[in-house]
Amino acid sequence: MLGNTAPQGPARSRGRALRSGALALALAGMGVLAGCMSTSPPPGVTAVQPFDLARYQGRWFEVARLDHRFERGMTDVSATYSAQTDGSVRVLNRGFDVATGQWREAVGRALFIGEPTTGSLKVSFFGPFYGGYHVAALDPDYRWALVLGPDFSYCWILSRDKVLDPAQREAITARAKALGVETSDLIWVSQTRQDPAP
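Per the working numbering, the very first residue in the sequence shown carries number 2; after that it's consecutive.
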């Protein structure tokens, strides 16, 4: 669920290269978001109601996703949601870039599209460009979530734990398929590294 990402590394000698990489990623992220400006859910999908942000906020691990260039090559991806006093939601996405051997992160802002009791939001990682974020299925105890974007080519399975129980994984995948997701294309995300960030 990463948008435009910035590499995390302490070495000053690499600062210029890292900034260039961050700029390239920002521009790529801009292109992605510009192509996903629809904030409506996919046809036939109704976001979860009732939805409780107080229970939903916190850290989630990305268990599975459909492939998009803004997350390509990323493992150990997590998303942390924090409610803000203005009614928005701070989004912190982190993941490990296998190609560079670095952790990357992206900070975004989410807004409810309608009532905050409906799990339908729009998320931006770059200025005025927003993409739809729709919680299509949610565990009663808020232990896993099935999230869709503006169409069925955007799908994420999130969990409070790094690994889903096989029965849960099968059941969630079946729900996604019933909604219209091409589940055979799902990428099951490796979650073996320990994120150095708290």
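Glycine included, each C-beta is placed from N, C-alpha and C at the ideal position. This one's a predicted model, so the numbers in the text were calculated from it and none came from an experiment.
- In the DSSP assignment, Gln169 falls within the alpha helix (DSSP H) that extends over 167-180.
- Between Val99 and Thr76, the gap from beta carbon to beta carbon is short of 8 Å.
- Proximity of the stretch 85-104 to the stretch 143-154 falls short of the contact definition, fewer than three beta-carbon pairs being nearer than 8 Å.
- In the displayed model, Arg56 falls within a helix according to three-state DSSP.
- Leu147 and Ala177 do touch by the CB rule: their CB atoms are close to 6 Å apart, below 8 Å.
- C-alpha of Gln192 to C-alpha of Ser41: approximately 30 Å in a straight line.
- Gln103: member of the beta strand (DSSP E) spanning 103-113, first to last residue.
- Taking C-beta atoms under 8 Å as the contact rule, Arg194 and Phe71 fail to qualify, at a distance of about 20 Å.
- Under the DSSP assignment, Val124 falls in the beta strand (DSSP E) whose first and last residues are 121-127.
- Pairing Gly133 with Gly45 gives a Cβ-Cβ distance that is not under 8 Å.
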